[in-house]
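In the numbering used here, the protein residues as written are 7 to 159.
Structure representation (structure tokens):
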């Protein structure tokens, strides 16, 4: 059951990653942003980037992290999220400070502050430059999942 759930989560993550990559391919024409006064096609891609980035980070944090650790035999019951992050950092899947910084920018964009254009631009530029880090985390965890699966767990 857990293996099937993880397989589904990684499938979902791959969809988000694909949409992020396609959005970035178009957005690289205007990055780094200096203004939000852009053609509609770029604004649409910014929305896709921000939305899919948030969905991928939520999927990792809310579903994949805890489940992959449980699948590997790590006791997750009663563990707080910071303990889950610490274990993932110990196993070299992520850097906690980087994860938290990505989360900060993701949260800023999720709560849209229209009067804070400079900060929105900064957040978009940061996410554009660092979204590959979420892909890297996802791919490391997916590889680990397949290693556990092939070992007979």
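All C-beta atoms, glycine included, are put in the ideal place defined by N, C-alpha and C. The structure displayed is predicted, hence computed values, not measured ones.
Per DSSP, reduced to three states, the secondary structure at residue 157 is coil, with no helix or strand assignment. When DSSP states are grouped into helix, strand and coil, residue 57 belongs to the helix group. A contact between stretches requires three or more CB pairs, one per stretch, nearer than 8 Å, and the region 10–26 meets this requirement with the region 57–65.
Under a 10 Å Cβ-count criterion, residue 86 is classified as exposed, with fewer than 16 other Cβ atoms of the shown protein chains found around its own Cβ. A straight line joining the alpha-carbon of residue 90 with that of residue 79 spans about 13 Å.
For the 7 Å CB-CB criterion, residue 111 and residue 133 form a contact.
Here the C-alpha atom of residue 64 lies approximately 15 Å from the C-alpha atom of residue 102.
Pairing residue 81 with residue 138, the inter-Cα distance amounts to about 29 Å.
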